[in-house]
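Notes follow the structure.
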Amino acid sequence: MASAHDPQLSALGASIEDLAARAAALAEVLESSGAGEPAAALFEVERSLQMAVRAADRARRSLPR
């Protein structure tokens, strides 16, 4: 039987993935317009959010079944 927290962690991961995609999209726009420094910062945000997605997934997988 799956934990009651599994759906919450899945939703959290999906929300973080959405934020990461939004950060990457904005970074690409900024980069193409010559704003390299803010683009680099947003690419760093994207990487951090992807790490958060993996951490949330690890938490979900480690829930007692």
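Numbering (the numbering used here) for the sequence shown: 46 to 110. Glycine included, every Cβ here is placed at the ideal spot set by N, Cα and C.
For proline 109 and aspartate 102, what's the separation of their Cα atoms in angstroms?
As a position in the sequence shown, residue 109 is number 64, starting the count at 1. As a position in the sequence shown, residue 102 is number 57, starting the count at 1. Taking the straight line joining both Cα atoms gives about 14 Å.
In angstroms, rounded to a whole number, what distance separates the CA positions of glycine 81 and arginine 105?
Position 36 of the sequence shown, counting from 1, holds the residue named residue 81. Position 60 of the sequence shown, counting from 1, holds the residue named residue 105. The alpha-carbon atoms of glycine 81 and arginine 105 are separated by roughly 36 Å.
Using a 10 Å radius around the Cβ and a threshold of 16 neighbouring Cβ atoms, would you call alanine 84 buried or exposed?
The count along the sequence shown starts at 1 and reaches residue 84 at position 39. Burial call: buried.
Decide if alanine 65 is buried, meaning its Cβ has at least 16 other Cβ atoms within 10 Å, or exposed.
What you label residue 65 is simply residue 20 of the sequence shown in a count that begins at 1. With 16 or more other Cβ atoms within 10 Å, it is buried.
Assuming alanine 114 and phenylalanine 88 form a contact by the criterion Cβ under 8 Å, report the distance between their Cβ atoms to the nearest whole angstrom.
The structure shown has nothing for residue 114, since the chain only spans 46 to 110.
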